[in-house]
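The structure appears right after this line, and notes come after that.
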Amino acid sequence: MLIRYKKTFEKIAMGLLSFMPTEKDLKKLQLTIKEYESEENLQLFLWKEEDIIGLIGVQINDDISSLLIQHISVNPSHRHQGVGKKMVKSLKDMYPDRQITANDTTAPFVEKCDFC
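In this note's numbering, the protein residues as written are 1 to 116.
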């Protein structure tokens, strides 16, 4: 299930974000987390089953009623099990009135989600 990011999950979130190709550098990771914590239109969600195994970060665009998926990451030991698709589907269920879009980094994955 998707849960909202809280500061107590910072290390877990940074670990999951570090699997993204654009987030390898520690300073970049810290900046990204700080943006999610401080920018009102950015939301970070974690995917929890028994443990937290995934993360999805979105930019909420009120003017065009869309959600831009900026980050999506799954712990490598849980990949190819549909976790990423479940996260996108849960996001769609959470915001049914918004169109889900992706940036250049997340687009190849989001396009595979046939329900979007």
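Note that beta-carbon positions come from the ideal geometry of N, C-alpha and C, so glycine has one too.
Worksheet item: Which same chain residues, not among the five before or five after L106, have their C-beta less than 8 Å away from its C-beta?
Response: For this step, residue 106 is matched to residue 106 along the sequence shown. Per the sequence shown, the amino acid found at residue 106 is Thr instead of Leu. If we look at T106 and ignore the five residues flanking it on each side, its Cβ neighbours are I69, Q70, H71 and I72.
Item to complete: For H71, name the three-state secondary structure that DSSP assigns.
Response: For the purposes of this step, residue 71 is taken as the residue at position 71 of the sequence shown. If DSSP states are grouped into helix, strand and coil, H71 belongs with the strands.
Worksheet item: Which residues mark the beginning and the end of the beta strand (DSSP E) in which G54 is found?
Response: Residue 54 sits at position 54 when you count from the first residue of the sequence shown. Run containing G54: I52 to N61, per the beta strand (DSSP E) assignment.
Worksheet entry | Own chain, CB closer than 6 Å to I12, minus 5 neighbours either side, in chain order | By 1-based counting over the sequence shown, the position of residue 12 is 12. Same-chain partners within the cutoff: I52.
Item to complete: Whole angstroms is fine: what's the gap from D63's alpha carbon to I56's?
Response: The count along the sequence shown starts at 1 and reaches residue 63 at position 63. The count along the sequence shown starts at 1 and reaches residue 56 at position 56. Each residue's CA atom was taken as its position, placing D63 and I56 some 21 Å apart.
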